[in-house]
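Enquirer: One structure is given below, represented as C-alpha cells, and several questions about it will come after.
Number of protein chains: 2
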Amino acid sequence: MKLVKNAAGRIVPNEVNGRKEVPFKGINEHKPFGYKAKPLIKTCIDYPLSGNKLVKNLKDALRKCGLKDGMTISTHHHLRNGDNLTNIIFDTIHSMGIKNVRWFPSASFSVHEHLIKYLEDGTIHHIEGSMNGPLGKYTSEGKMKGIGVLRSHGGRYQAVQDGEVHIDIAIIAAPTADAFGNSNGVTGKSASGLISFSLVDSEYADNVIVVTDNLIQFPCIPWQIQGNNVDYVVEIDSLGDTKKIVSGTTEITKSPDRLLIAEYVAQFIEESGIMKNGFSFQAGSGGTNLAFVLFLKDRMKAKGIKARFVRGGSTKYLVQLLEEGLTDYILDGQTFDLDGIRSMRENPNHINTSPFTSYNFHGKGNFASIVDVAVLGATEVDINFNANVVSHSDGYLLHGIGGWQNCLYSKCTILAVPSFRDRIPVIIDDVTTLCGPGELIDVIITERGIAINPKRKDLISIMKYSSLPIKSIEQIRDEVYSICGGIPTKPKLNKEKIVAIVKWVDGTILDSIFQVL
Amino acid sequence: MKLVKNAAGRIVPNEVNGRKEVPFKGINEHKPFGYKAKPLIKTCIDYPLSGNKLVKNLKDALRKCGLKDGMTISTHHHLRNGDNLTNIIFDTIHSMGIKNVRWFPSASFSVHEHLIKYLEDGTIHHIEGSMNGPLGKYTSEGKMKGIGVLRSHGGRYQAVQDGEVHIDIAIIAAPTADAFGNSNGVTGKSASGLISFSLVDSEYADNVIVVTDNLIQFPCIPWQIQGNNVDYVVEIDSLGDTKKIVSGTTEITKSPDRLLIAEYVAQFIEESGIMKNGFSFQAGSGGTNLAFVLFLKDRMKAKGIKARFVRGGSTKYLVQLLEEGLTDYILDGQTFDLDGIRSMRENPNHINTSPFTSYNFHGKGNFASIVDVAVLGATEVDINFNANVVSHSDGYLLHGIGGWQNCLYSKCTILAVPSFRDRIPVIIDDVTTLCGPGELIDVIITERGIAINPKRKDLISIMKYSSLPIKSIEQIRDEVYSICGGIPTKPKLNKEKIVAIVKWVDGTILDSIFQVL
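Those protein sequence lines, which keep their order, are chains A and B.
Everything in the first sequence is counted per this note's numbering, starting at 664 for the first residue and increasing by one.
Everything in the second sequence is counted per this note's numbering, starting at 664 for the first residue and increasing by one.
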C-alpha cells in the first residue's frame, strides 16, 4: 500500500484491504472501462416449482448458501435502530464457527454495537458501509482489522454493479414477503417503508436470503424486491423493535437558530427563481430540513406554485405537500415516519425509487442531477465549499454518507448548517474529512449569513438585491472563529494509520479517515 | 451444420445462422453453465445532467448508436397490428444503406408485411422472433436468407440474459415517455398496456432508443421501462393506428362448439378440485378462453370461491373478476382490450409483470409454475399430448409461441381446442411442429371429449365419476379422423431445408420447421 495525494489534495491509499484502488481524479474525470458484474445463470430446475422457497431457519439458509470463512455478507438498514435481525445473523454466523467475514451493510446504527464482540473475536474482519455511532467510534480508535470503506447510496450500487464488491450472501429483512421471495417494506408489523437499498444485492449476490416476520400468500404486492432474485426465505417471529424501526412522527426543530436557517433556505429558493411551477426539490430528514419544507410550502401556497416532484426520504411534511396538491409526485428513497409509510402504501403518486434510479453514477444518467434544488446538512464546511458529513471535528467517524454525495449533483445544492455547534465552528478552513468537493456545492446557509459559491455567478447576480444576509464564506468563518474563541484546534490523528476511506460516487478514493489518538 | 435427432425424436440442426446450438435434451435436463451477459459500464458523465436525452429524429438516434451492417436490432409487439414504428425504423435503416440486419422482434404481425421488401433486398438478413401471418408464410416458402428462430416470451428473456442474443440497438415504442427515457404503455393516444416485453432489451442492449408520441414532463409514472437504461429519446407524431393497437373490446366466441368446450373447461376445473379459495388460473386471449372465464366465474360465484390471482393477458372479463372481488389480483403480462388498459392504469391490484418475473426459465424460479391451472390453445395436438402452436397442418408457419411454452409449467395445463377446424383434424397422430412436449400437458378438452394425460393418475382418479365425456386421446382422434375422411395428408415439406427452428424454454432446439413445397 502506497499513500498518494489525489486530485482534491487529500492523502489516500492506492490499495485497500488488498484491492487496488483509484485515487479521486476530479469531478467527472474518471470514466469506468469494462463490463458490469455478471451473475451466474440459474435455472428453474434448481428451485421448487411450487414457488415455495421456505427453509426452516437462518442457519439452514446460510448452510445451503455454502457460508464459509472470508465471505462477504450484506445487510440493509431498512430497520434502522430497531434492527434485531443483523445481530441475530452474526450470532448465527458466530455459532457456526465462521471467521473473517466482510460485512457489507448499507448502514449500521447504535443497535449494532452488539457486533463489536465479533469484530474483536475475528468473526467479522471489517465493515464496508456507513457506520453511525458506536461502530464508527470503534473504527476511529483503530481497532478494526481491515479498513472501513464508506460509500454513498449510489456508490454502493455502483460498487456492486461494477464488480468492485462481490457479495456472497445477501440477507434482506422483509417486513412482508411471500414464500417465493417477493418482498416489501410497506406492510406488516415491522413496516419500514421502502426496502430498495437491497435491490443491487438481490440482483448481483450469489445467494439471496429473505427474512420476514410477515409471511403472506403469493403474490406479495408490491414486490419491491423480486422473488425471481431470491434463493431462500426464512420466517422469524420478529425483525426488531417496531418503535425504533420508524419514528411515529418526525419532529421539526424548535431551535430559533435552526428555524432561522430554514426560513433563509425557503426565502433563497423563492428569490433565486428556483421556486416556480413544475420545479423539484429534495429535503433531508434533519430538523432544519423539515422546517424549510414548511416555510417553502407557505411560499408555494402564497404564490400558487406547484412542484412537479419532491424527493424523499419522506416525512409527514412531504406527504402533506402531496395530499394538498402542491406536488404531483413524491419520488421516494426511504420513509422516515409513519405518514411516509402510509402514503407510500396508499398513494399511487408516492413513488418508490431505488439507488439505481436515483443515484447510481455508473448508469445512463440518474435522477439526482434532474432535481432543481437539494437542501442538505454537513458536519463541517470549509472556505472552499468542501464539506464533511461523516466525521466530527474531533476526528471521530460517526455518520454515514447516505445519498448526500449523490444529491450534490442537483442543479442547486444548498447546505443548511449552523455556523457552529457546541461552540465548535462548523464553517472552517479545511474539513477534517472531505466527502463533497466544493465545486458541486452552491450555497451555504447559516443563521449568521449565506455564502454563495463564487463559481455560481448567476446566483450571485440574481441575489444581489436580496434582503438575505449574503456574505463571503470567509466572513462567516471569521465571525464564527471569533465567537468560538479563535482558530479551532485540529484533532489529534495518527496519520500513519488509515482506519477508513471515503469513496466518491465514481468509485475513486476521495479521502482517508485516520486513527484518533 | 449437422442434423441430429433430439430427445423428443425431432430432427434439428446443431448450428443455426453460424452459431452452435444445443438440441433439446428432455424436460428439465439441460442445465446452463456460466454467467449472464454483462453490459458495458456506463457513466453519468456521458449523459446530459438535465436528464434530457431527446435527439432530433430516429435517424439521428440510430447514427449516434453507431448503426452498421450486420447489427441486431430489437423491437416489440406492444403496438400489435397497429405498429407503424417498426416499418418506419426499417425504412430509415434502409435509407441509411445498412445491410444484413438481424431483426429481433418479440413478435411480428400482418402490418409488417411492409418489411418483405427489406428481406428481399438484403436490408434484413433474418428474423428471430414470432412471425404471425405474412412473414411466417414468406419464411415457410424458404425465401428468408437466414434461419428464423422462434422463442417463447420467457425464452426471449433467457436468450438475451444468457448472452445467446446480443442486441446492438433496442428500439422501444413508448405510448408515454419523458425525456429521460422513463416509459409506459398505459397512457397516451397509442396506449397499448404493458410494455415489459422490452424489459430485457432495455437491460442488456448496447444502445436503447425510446420512441414516443406522448412526451411528458419528467417523471413519467409508472416507469415500466426505466430511463436509467435508455440512451436516446425520439419524439414522433404517431406510433401507429390506435384502433389496431388494442381492441375496443374483446369478443367472446359465438360458436356453439367452442362454447361447449369452454363449459367443459369450467366444469373440469371445478370438479377436479382446482377451483377452491385462493386458487389461481391463466387464460389466453382466444374466444374459447374468454368464454371459459365467464363460465368459471358463474361457478366461483355459486360456490363463494375467490381466486388469489389470475394471470393475463387481460381483457374486460378478467377485469370484471377483479372489480367484482372474485380475485385479489390480476398479474398481467399484456392487455388485450381497453378495459384491460384502464384497469392496469387505475387499479393498484392490477399488477404489471414481465417475462423476467413470469417466464424466464433461467431464473430462481418464475411465476408460471405457481399457477394452479393454465387454459391454452393449440393448432394441433397429437396422441402423445404433444402440441403445436406455430404452424398449421399444411406446414405453414403462421403464429408465434407467445407465453404458451412457459405456461405449460402450470400445475395443470389444459389445452382447449376444437377436435377439427375446417374439416382438418386438430387431434392427430403426430404434430407437424413440436412446440410443447406432451409430458407437460395434462388435459385436452374438445367439444367431442376430454382426454387426461395417462401420467396424471391423480386427475384420472378424481374425475372418474364426472359427467364430463372423458375419453382416451386415441378415441377422440379416431372419431375426428372418421368425421374428416380418414387419416389427414401430411404437408409436403422439403426436409433438406430448415427455414426456422423452435427453441425450448431452456434455449435448446426442440424442433425444426421445413420449407413448404
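We put the beta carbon where it would ideally sit given N, CA and C, even for glycine.
I need the boundaries of the alpha helix (DSSP H) containing Leu725(B), first residue and last residue.
Expert: The residue you call residue 725(B) lines up with position 62 of the second sequence. From DSSP, the alpha helix (DSSP H) with Leu725(B) extends over Leu721 to Lys727.
Enquirer: Identify the contact partners of Asp732(B) in chain A, using a Cβ-Cβ distance below 9 Å as the criterion.
Expert: Taking the second sequence and counting its residues from 1, the one referred to as residue 732(B) is at position 69. What Asp732(B) touches in chain A: nothing, since even the nearest Cβ is about 24 Å away.
Enquirer: Please list the partners that Ser1006(A) has in chain B, where partner means a Cβ-to-Cβ separation under 7 Å.
Expert: Taking the first residue of the first sequence as position 1, residue 1006(A) is located at position 343. Near Ser1006(A) there are no residues of chain B at all, since even the closest Cβ is about 13 Å away, more than 7 Å.
Enquirer: Using alpha carbons as the reference points, say which of Glu926(B), Ser1129(B) and Thr912(B) lies closest to Leu1001(B).
Expert: Here the question's residue 1001(B) lines up with position 338 in the second sequence. The shortest C-alpha separation from Leu1001(B) is found at Thr912(B).
Enquirer: Chain A beta carbons: is any one of them nearer than 7 Å to that of Phe753(B)?
Expert: In the second sequence, counting from the first residue as 1, residue 753(B) sits at position 90. No - not a single Cβ of chain A is within 7 Å of the one on Phe753(B).
Enquirer: Got a sec: is the Cβ-Cβ distance from Thr706(B) to anything in chain A below 7 Å?
Expert: Taking the second sequence and counting its residues from 1, one reaches residue 706(B) at position 43. Cβ-Cβ to chain A under 7 Å: yes for Thr706(B).
Enquirer: Using the C-alpha atoms, what's the distance from Ile908(B) back to Phe767(B)?
Expert: Locating residue 767(B) in the second sequence gives position 104, where the first residue counts as 1. Locating residue 908(B) in the second sequence gives position 245, where the first residue counts as 1. Distance between the alpha carbons of Phe767(B) and Ile908(B): 20 Å.
Enquirer: Alpha carbon to alpha carbon, how far is Tyr867(A) from Ala837(A)? Give it in angstroms, no decimals.
Expert: Start at 1 with the first residue of the first sequence, and residue 837(A) comes out as number 174. Start at 1 with the first residue of the first sequence, and residue 867(A) comes out as number 204. Whole-angstrom Cα-Cα distance: 18 Å.
Enquirer: Alpha carbon to alpha carbon, how far is Val871(B) from Ala833(B)?
Expert: Against the second sequence, residue 871(B) aligns to sequence position 208. Against the second sequence, residue 833(B) aligns to sequence position 170. Each residue's alpha carbon lies about 5 Å from the other.
Enquirer: Does the contact criterion of 3 or more C-beta pairs under 8 Å hold for the stretch 1020 to 1029 of chain B versus the stretch 698 to 715 of chain A?
Expert: Taking 8 Å as the limit for Cβ pairs, the verdict is that the stretch 698 to 715 of chain A does touch the stretch 1020 to 1029 of chain B.
Enquirer: Under a Cβ-count criterion, where at least 16 other Cβ atoms within 10 Å of its own Cβ denotes burial, should Thr1152(B) be classed as buried or exposed?
Expert: Your numbering for residue 1152(B) matches position 489 in the second sequence. Under this definition Thr1152(B) is an exposed residue.
Enquirer: Look at Gly1112(B) and Lys1127(B) and say whether their C-beta atoms are less than 7 Å apart.
Expert: Against the second sequence, residue 1112(B) aligns to sequence position 449. Against the second sequence, residue 1127(B) aligns to sequence position 464. For Gly1112(B) and Lys1127(B), no; Cβs fall outside 7 Å.
Enquirer: Taking a contact to mean a Cβ-Cβ separation below 7 Å, would you say Ile879(B) touches Asp841(B) in this structure?
Expert: Along the second sequence, one-based indexing puts residue 879(B) at 216. Along the second sequence, one-based indexing puts residue 841(B) at 178. Yes, the Cβ-Cβ distance between Ile879(B) and Asp841(B) is below 7 Å.
Enquirer: Applying the criterion that 16 or more other CB atoms from any shown protein chain within 10 Å of the CB defines a buried residue, is Leu1180(B) buried or exposed?
Expert: The count along the second sequence starts at 1 and reaches residue 1180(B) at position 517. Counting Cβ neighbours within 10 Å, Leu1180(B) comes out exposed, since fewer than 16 surround it.
Enquirer: Could you tell me how far apart the beta carbons of Asn1049(B) and Val1094(B) are, in whole angstroms, since I believe they sit closer than 8 Å?
Expert: By one-based count along the second sequence, residue 1049(B) stands at place 386. By one-based count along the second sequence, residue 1094(B) stands at place 431. About 5 Å separates the two Cβ atoms, so the contact holds.
Enquirer: Closer than 7 Å, CB to CB, is Ile1107(B) near chain A or not?
Expert: For the purposes of this step, residue 1107(B) is identified with residue 444 of the second sequence, where counting begins at 1. False, the Cβ-Cβ gap to chain A never drops below 7 Å.
Enquirer: CB Gln1178(A) to CB Gly805(A), shorter than 7 Å?
Expert: Numbered from 1 along the first sequence, position 515 holds the residue referred to as residue 1178(A). Numbered from 1 along the first sequence, position 142 holds the residue referred to as residue 805(A). Taking 7 Å as the Cβ cut-off, Gln1178(A) and Gly805(A) qualify as a contacting pair.
Enquirer: With distances taken from CA atoms, which of His1055(B), Ile884(B) and Asp1035(B) is nearest Ile1014(A)?
Expert: Against the first sequence, residue 1014(A) aligns to sequence position 351. Nearest C-alpha to Ile1014(A): Ile884(B).
Enquirer: Going by alpha carbons, who is nearest to Asp1085(A) out of Val849(A), Asn1069(A) and Ile1146(A)?
Expert: The count along the first sequence starts at 1 and reaches residue 1085(A) at position 422. With distances taken between Cα atoms, Asp1085(A) lies closest to Ile1146(A).
Enquirer: Interface residues of chain A around Ile968(B) at Cβ under 9 Å?
Expert: The residue given as residue 968(B) occupies position 305 in the second sequence. Ordered by position in chain A, no residue passes the 9 Å Cβ test against Ile968(B), which lies about 15 Å from the chain.
Enquirer: Using a Cβ-Cβ distance under 7 Å, would Phe931(B) count as near chain A?
Expert: Within the second sequence, the letter at position 268 stands for residue 931(B). It does not; no Cβ of chain A falls within 7 Å.
Enquirer: Hey, quick one: how far does the alpha helix (DSSP H) through Trp886(B) stretch, first residue to last?
Expert: Counting from one through the second sequence, the residue named residue 886(B) turns up at place 223. No alpha helix (DSSP H) contains Trp886(B), which DSSP labels as neither H nor E.
Enquirer: Please classify Ala1031(B): is it buried, with 16 or more other beta-carbons within 10 angstroms of its beta-carbon, or exposed?
Expert: Mapped onto the second sequence, residue 1031(B) falls at position 368. So Ala1031(B) counts as buried.
Enquirer: Could you pull the start and end residues of the alpha helix (DSSP H) that Met958(A) belongs to?
Expert: To locate residue 958(A), count along the first sequence from 1; it is residue 295. First, the amino acid is wrong: residue 958(A) is Phe here, not Met. Unbroken alpha helix (DSSP H) run through Phe958(A): Gly950 to Lys966.
Enquirer: Where do the ends of the beta strand (DSSP E) carrying Thr1109(B) lie?
Expert: To locate residue 1109(B), count along the second sequence from 1; it is residue 446. Element bounds for Thr1109(B): Val1106 to Thr1109.
Enquirer: Which residues mark the beginning and the end of the beta strand (DSSP E) in which Tyr608(B) is found?
Expert: With chain B represented from 664 up to 1180, any question about residue 608(B) goes unanswered, as that position is not in the structure.
Enquirer: Put Ser793(A) into one of helix, strand or coil per three-state DSSP.
Expert: What you label residue 793(A) is simply residue 130 of the first sequence in a count that begins at 1. It is a strand residue.
Enquirer: Could you say which of Tyr895(B), Ala854(B) and Asp825(B) lies nearest to Lys906(B) if we only look at CA atoms?
Expert: Numbered from its first residue, the second sequence carries residue 906(B) at position 243. Answer by Cα proximity: Ala854(B).
Enquirer: Determine whether the beta carbon atoms of Ser1021(A) and Gly1003(A) lie at a separation below 7 Å.
Expert: Translated into positions along the first sequence, residue 1021(A) becomes position 358. Translated into positions along the first sequence, residue 1003(A) becomes position 340. It is not a contact, given that the beta carbons lie outside the stated cut-off.
Enquirer: Below 8 Å on C-beta distance, what does Asp894(A) contact in chain C?
Expert: The structure shown has no chain C; the protein chains it does contain are A and B.
Enquirer: Do Gln945(A) and Val1034(A) count as a contact pair if the criterion is CB distance below 7 Å?
Expert: Taking the first sequence and counting its residues from 1, one reaches residue 1034(A) at position 371. Taking the first sequence and counting its residues from 1, one reaches residue 945(A) at position 282. Against a cut-off of 7 Å, the Cβ pair of Gln945(A) and Val1034(A) comes out as a contact.
Enquirer: At a Cβ threshold of 7 Å, is Lys699(A) touching chain B?
Expert: Reading the first sequence from its first residue, position 36 is the one you call residue 699(A). Closer than 7 Å: yes.
Enquirer: Tell me the rounded alpha-carbon separation between Gly1172(B) and Arg673(B).
Expert: On the second sequence, residue 1172(B) is found 509 positions in, with the first residue counted as 1. On the second sequence, residue 673(B) is found 10 positions in, with the first residue counted as 1. In the sequence as displayed, the identity of residue 1172(B) is Ile instead of Gly. So the two alpha carbons sit approximately 9 Å from each other.
Enquirer: Going along chain A, which residues have a C-beta under 7 Å from Tyr992(B)?
Expert: Indexing the second sequence from 1 puts residue 992(B) at position 329. Per Cβ cutoff of 7 Å: Pro882 and Ile884.
Enquirer: Is there contact here, the stretch 1005 to 1012 of chain B with the stretch 795 to 809 of chain B, by at least three beta-carbon pairs under 8 Å?
Expert: No, the stretch 1005 to 1012 of chain B is not in contact with the stretch 795 to 809 of chain B.
Enquirer: What span of residues does the alpha helix (DSSP H) with Asn750(B) cover, start to end?
Expert: Here residue 750(B) refers to the residue found at position 87 of the second sequence. Leu748 to Ser758 is the span of the alpha helix (DSSP H), which, as asked, contains Asn750(B).
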